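Just so you know, we're using my numbering here: the first sequence kicks off at 4 and counts up by one. Scroll down for the structure; my scribbles are underneath it.
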Amino acid sequence: MCSERKKLMTEYNTKKIEEKWKKKWEEWKLYEVDVEKIEEDKKCYCLVMFSYPSGDKLHVGHWFNFGPTDTWARFKKMQGYQVFEPMGFDAFGLPAENYAVKTKVHPRISTINNIEFMRKQLREIGAMYDWRYEVVTCEPEYYKWTQWVFLQLYKRGLAYKAEAPVNWCPECNTVLANEQVQDGNCDRCHTEVTKKSLNQWFFRITGYAEKLLEGLQHIDWPEKTKIMQTNWIGRSEGTEVYFNIAESNKTFTVFTTRPDTLYGATYVVFAPEHPLVSEITTVDRKEEVKKYIENTLKIKEIDRTSTIKEKTGVFTGAYAINPINGEKIPVWIADYVLYSYGTGAVMAVPAHDERDFEFAKKYNLPVREVILKPGKNKETPLEKPYADAGIMVNSAHFNGLSSDRGIDKITKELEEKAKGKPKINYRLRDWLISRQRYWGAPIPVIYCPDCGEVPVPEEELPVLLPDNVDFSPTGESPLKKCKEFLNTTCPKCRKGATREVDTMDTFVCSSWYFLRYPCAQNSRVPFEKELINKMLPVDKYVGGPEHTCMHLLYARFITMALHDMGYINFTEPFSSLTHQGMILGPDHFRMSKSRGNVISPESYIEKYGSDIFRCYLMFGFAYTEGGAWEDAAIVAIDRFLKRFWKIVNNYTELFQKDEEKRELTEEDKNLNRVRHNSIKGITYDIERFQFNTSISRIMELVNELYKYSEIPQEKQNNGLIKEIIEDLIRLFAPMAPHFTEELWEKTGHKKSIFLETWPTYDPLALAREMINIAVQINGKLRAQMEIPVSITDKELQAEVLKYGRIPKLLEGKNIKKIIIVKRKLVNIVVT
RNA sequence: GCCGGAGUGGCGGAACAGGUAGACGCGCUGGUCUCAAAAACCAGUGGGGGUUCCCCCGUGUCGGUUCGAGUCCGACCUUCGGCACCA
């Protein structure tokens, strides 16, 4: 006993085993794939969201993302797919720069060091990454092509510079995209965001709103993620209505989803920023309007857009003409109207819109009911706004129409009079991509006093990011202070000119990296068309759900744009997407240094090895849910691997000789059935990232094998045992790659287990002669019986009625009917 | 306020097309081994009642559909995520 234990302890040395196999894999170049040679029908592009080289160690979240995904990839490889599993680094970005500001270490140096460190850590996971395809976004070999992407968009009018009120983070000293503002705060540093009007670079993602919506129909993504993107894009069908300003030739447009309420418009409201405001304000109102606008700008964005805040506004003195009835209605400005949505002006229908109602009550503006709530009559006064559909009243010849019909009819009439037309609006804004920071890809544009804005010619790329820069943030790009960078010549006229000093949002870098991987070493083109048409779309993309309305949306947009330019022949980058859940601290809170609940993988890997760590992550949580870390639970996996090790080792001598498989006894058949059931279940479950149940099935098979090993030696079917041991190791291989390689070798195999094929199950082996079914009376379980599978319904019915205590339970009852669910149950319905 | 998840033993979680709820594991209880403990192995383990065996209750709450509901429908509660004056 004691010596046996010693043997187990010396042999089962996870650290030694893992290092041994990592070395072998490298020697054998086992995971090197040649993308050129991959066959299209067998390709499997498996991708995790690449990581940011932060200088911190790999945390549990990385492991949870990368480990199980690698398990999936290994499973696919064993199924015969030619798996491409690359890894890289999203290396530009603010943290490196902020770190540089603090420590005076250049971001290039710290980033390179961090990447070096992370590569070592990633190696620990023992994933199949082929590092020859690595991409590092801060290297000129990569960002040259990020700039190329920019130029392609620019050429087609999809990248443009415009003055606009934008989100400004005073802490990060840069502008932010809409998507990077959460609850009015910067999503990086949580500082409150302010609004600034600046001249900035945008990508015209709004031009793809419809395609981005449509594409969601055809991809295998979590429903929740699709819904979130749909809501983010925020498609809204409505009508544009053109108004005139009274006694003037000025016109303006409003957007409404309820043209049926047009007769109820008793005033119109402009956003304070609306350019027409200064033109139409009457002399006597000028002072008040000016004051109001100034005040509005002072209010923090978050407060201004808060739904709780009481609405304010002022009258401009001007009047507008309602195009449907010629009525003269006052023009107000109010901060509840957003300049950034629709046209920045709305028609106010207080009777049928809560916001307008509130505003009208406050400023004593008239309320006119034009839609009758079903069951209400025209004479009873309106106490609160009614915003749903109803019957039109007070609307001239439209009276009596339903809202639905009214929307069509009024829109049609407006169209005939050239006073409006149908219009679709989106909540989505164009993507603001310029940043007033140093550590990013320079925007390849030059400003020439004569030629104006000139894109850098493609053959002059990359526009190198200079190293020698004072990068302390000032609110303007640090590159502005770098004269060697700033001053250049105009590509058109060769006269002195200056470069754009802003850099690109790091989300631009990550919006196309999946296209670069297969061609990572190609210096001629960003991607070889034929090659990436073969390799993409990505077959399985895995990453956190927090990227839904940023990275995932941007990547889809860039892919669609490149498709429309003819560079690629697919429109969606990621055919199938899975989100991993989040691993929380043992206290059920999000891990954070300040809480002191951070689980660091190293200590566990030191103690148990990477296979056990990975297996625990797969077994202890539902993958897409995540959950709280539990120290006690990793012990279970350690225990299981020891059990696995022992049972395999008990039988290794069988592999030294040929063992015939005898005809199967009842015991054999039972064991064999569990085996095939495991194969079936595991295959189905790994495919859909249900690793916890996959491991359960393996445990079941191991348990069954232990039970079998208790029967007398001479009754054991050695041939069958050998087969099952081999299946067992192969089934477990994707989850514990080092561990299973060792056992595979110990059972006499010379080649890597990952060159083996995945076991397939035999439906015949799953078949039983006798099965257990439930007997219910009125749906309540009353008995269980063993029946031969071959029994007919008629026979079964007869058997059930005289089975055990069933007759007694049926005494004095009327049998109404008997429901038989094949191989499952019999339900006797009685009264 | 709007949109979308999720609520199952002491715990992590299963139940794939409405069909025997609680797979697998943790923990716990008992046993074997041991001088003893640990480890390992075996058995039991949703709650309550009478104790071979059986009954009642049980998947957030209340209703409904169905022979049968964790699963479908309606209302509500809790919780998490997203959006939030979007006209």
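Backbone N, C-alpha and C fix where the C-beta goes; we use that ideal spot for every residue, glycine too. As the structure is a computational prediction, the values presented were derived from the model and not from experiment.
Name the DSSP bridge partner or partners of Asp338? Counting from 1 along the first sequence, the entry for residue 338 is found at position 335. The partner list for Asp338 (beta bridge, DSSP) is empty, contrary to what the question assumes.
Taking the straight line between their C-alpha atoms, what separation do you get for Leu556 and Thr228? Position 553 of the first sequence, counting from 1, holds the residue named residue 556. Position 225 of the first sequence, counting from 1, holds the residue named residue 228. For Leu556 and Thr228, the distance between alpha carbons rounds to 10 Å.
Residues in the same chain with beta-carbon distance under 7 Å from Ser398, minus the five sequence neighbours each way, listed in chain order, please. Taking the first residue of the first sequence as position 1, residue 398 is located at position 395. The answer, listed in chain order, is Tyr266, Val373.
Three Cβ pairs or more, each shorter than 8 Å: is that satisfied between the region 436 to 450 and the region 78 to 90? No contact exists between the region 436 to 450 and the region 78 to 90.
Residue environment, Phe206, which counts as buried when at least 16 other CB atoms sit within 10 Å: Counting from 1 along the first sequence, the entry for residue 206 is found at position 203. Under this definition Phe206 is a buried residue.
On a CA-only basis, which of Lys645, Cys49, Asn367, Ile394 is nearest Gly378? Give me that one, please. One-based indexing of the first sequence puts residue 378 at position 375. Out of Lys645, Cys49, Asn367, Ile394, Ile394 has the C-alpha closest to the C-alpha of Gly378.
My parser needs the beta strand (DSSP E) runs of 3 or more residues fully inside the region 319 to 405; what are they? Segments of the beta strand (DSSP E) lying fully in the region 319 to 405: 331 to 337, 348 to 351.
Closest residue to Thr509 among Asp93, Ile41, Ile602, Ala323 (Cα-Cα distance): Locating residue 509 in the first sequence gives position 506, where the first residue counts as 1. The shortest Cα separation from Thr509 among Asp93, Ile41, Ile602, Ala323 belongs to Asp93.
Buried or exposed by the 16-neighbour rule on C-beta atoms within 10 Å, applied to Pro715: In the first sequence, the residue the question calls residue 715 occupies position 712. That one is exposed.
Does Lys253 come out as helix, strand or coil in the three-state DSSP assignment? Residue mapping note: residue 253 aligns to position 250 of the first sequence, counting from 1. If DSSP states are grouped into helix, strand and coil, Lys253 belongs with coil.
Would you identify the three-state DSSP class for Asp287, choosing helix, strand or coil? Stepping through the first sequence from its first residue, residue 287 is reached at position 284. Look at Asp287 here: in three-state DSSP terms it is helix.
Less than 8 Å between C-beta atoms, sequence neighbours within five positions excluded: which residues of the same chain meet that for Asn16? Here residue 16 refers to the residue found at position 13 when the first sequence is read from its first residue. Answer for Asn16: no residue qualifies.
At 4 residues or longer, what runs of the alpha helix (DSSP H) sit wholly inside the region 585 to 665? Counting only runs of 4 or more, we get 604 to 611, 613 to 622, 634 to 653.
Is the region 639 to 652 touching the region 729 to 749, taking contact as three or more C-beta pairs under 8 Å? Taking a contact to require three or more Cβ pairs closer than 8 Å, the region 639 to 652 and the region 729 to 749 qualify as touching.
Comparing alpha-carbon positions, which option in Glu744, Gln124, Ala636 lies nearest Lys27? The residue labelled residue 27 in the question sits at position 24 within the first sequence. That would be Glu744, whose Cα lies nearest to the Cα of Lys27.
Using only alpha-carbon positions, find the residue among Leu125, Gln800, Trp171 that is nearest to Glu479. By 1-based counting over the first sequence, the position of residue 479 is 476. The shortest Cα separation from Glu479 among Leu125, Gln800, Trp171 belongs to Trp171.
Pair within 8 Å by beta-carbon distance, Ile236 and Phe560: For the purposes of this step, residue 236 is taken as the residue at position 233 of the first sequence. For the purposes of this step, residue 560 is taken as the residue at position 557 of the first sequence. Contact flag unset, no.
Which residues in the same chain as Val38 place their Cβ atom closer than 7 Å to its Cβ, once the five residues preceding and following it in sequence are excluded? As a working note, residue 38 is residue 35 in the first sequence. The beta carbon of Val38 sits closer than 7 Å to those of Phe87, Pro521, Leu534, Met538, all from its chain and outside the five residues before and after it, given in chain order.
Taking Gly584 as the reference, which of Cys496, Arg593, Pro576 has the closest Cα? If you number the first sequence from 1, residue 584 lands on position 581. Shortest Cα-Cα distance from Gly584 to any of Cys496, Arg593, Pro576 involves Arg593.
Endpoints, the alpha helix (DSSP H) within which Trp235 is located: On the first sequence, position 232 is the one that residue 235 refers to. It spans 226 to 236 - the alpha helix (DSSP H) in which Trp235 sits, taken as one unbroken run.
In this structure, does DSSP put Pro98 in helix, strand or coil? Start at 1 with the first residue of the first sequence, and residue 98 comes out as number 95. In the three-state DSSP reduction, Pro98 falls in the helix class (H, G or I).
Secondary structure at Met90, three-state DSSP: helix, strand or coil? Taking the first residue of the first sequence as position 1, residue 90 is located at position 87. Met90: coil per DSSP, three-state reduction.
Inter-residue spacing [alpha-carbon to alpha-carbon] between Ala639 and Lys710: If you number the first sequence from 1, residue 639 lands on position 636. If you number the first sequence from 1, residue 710 lands on position 707. Straight-line Cα distance between these residues: approximately 19 Å.
Which whole-angstrom value is the C-beta distance of Tyr764 and Ile682, which I expect to be below 8 Å? By 1-based counting over the first sequence, the position of residue 764 is 761. By 1-based counting over the first sequence, the position of residue 682 is 679. Confirmed, about 4 Å.
Close-in-space but distant-in-sequence residues of the same chain around Cys903 (CB under 6 Å, 5 per side omitted): The structure shown has nothing for residue 903, since the chain only spans 4 to 834.
For the candidate residues Glu789, Lys816, Ala768, Met231, whose alpha-carbon lies nearest to that of Gly807? Start at 1 with the first residue of the first sequence, and residue 807 comes out as number 804. If we check each option's Cα against that of Gly807, Glu789 comes out closest.
Apart from the five residues on each side of it in sequence, which residues of its chain come closer than 8 Å, Cβ to Cβ, to Val792? The residue you call residue 792 lines up with position 789 of the first sequence. Counting only residues of its own chain and dropping the five nearest sequence neighbours on each side, Val792 has a CB closer than 8 Å to the CB of Ala770, Arg771, Glu772, Met773, Ile774, Arg826.
Could you round the C-beta distance between Pro481 and Ile449 to whole angstroms and report it? I think they count as a contact, below 8 Å. By one-based count along the first sequence, residue 481 stands at place 478. By one-based count along the first sequence, residue 449 stands at place 446. About 18 Å; that fails the 8 Å criterion.
Using the C-alpha atoms, what's the distance from Val705 back to Met4? As a position in the first sequence, residue 4 is number 1, starting the count at 1. As a position in the first sequence, residue 705 is number 702, starting the count at 1. A caution first: Met4 carries a pLDDT of 40, below 50, which makes its placement in the model unreliable, though a value can still be read off. When rounded, the distance between both Cα atoms is 21 Å.
Suppose only complete runs of 4+ residues qualify. What are the alpha helix (DSSP H) ranges in the region 458 to 500, listed by chain order? With a minimum length of 4 residues, the continuous alpha helix (DSSP H) runs that stay inside the region 458 to 500 are 486 to 489.
Can you tell me where the beta strand (DSSP E) holding Thr197 begins and where it ends? On the first sequence, residue 197 is found 194 positions in, with the first residue counted as 1. Its beta strand (DSSP E) spans residues 197 to 206.
Determine which residues share a DSSP beta bridge with Ala162 and list them. Translated into the one-based positions of the first sequence, residue 162 becomes position 159. In the DSSP assignment, the residues bridged to Ala162 are Phe206.
Continuous alpha helix (DSSP H) stretch holding Glu22: start and end: Sequence index remark: in the first sequence, residue 22 carries index 19 (1-based). Per DSSP, Glu22 is one residue of the alpha helix (DSSP H) stretching across 17 to 31.
Limits of the alpha helix (DSSP H) - the one that Ala212 falls within: What you label residue 212 is simply residue 209 of the first sequence in a count that begins at 1. Segment 212 to 218, the alpha helix (DSSP H) holding Ala212.
Classify Glu14 as helix, strand or coil using the three-state DSSP reduction. Within the first sequence, numbered from 1, the residue matching residue 14 stands at position 11. The answer is helix: DSSP assigns Glu14 an H, G or I state.
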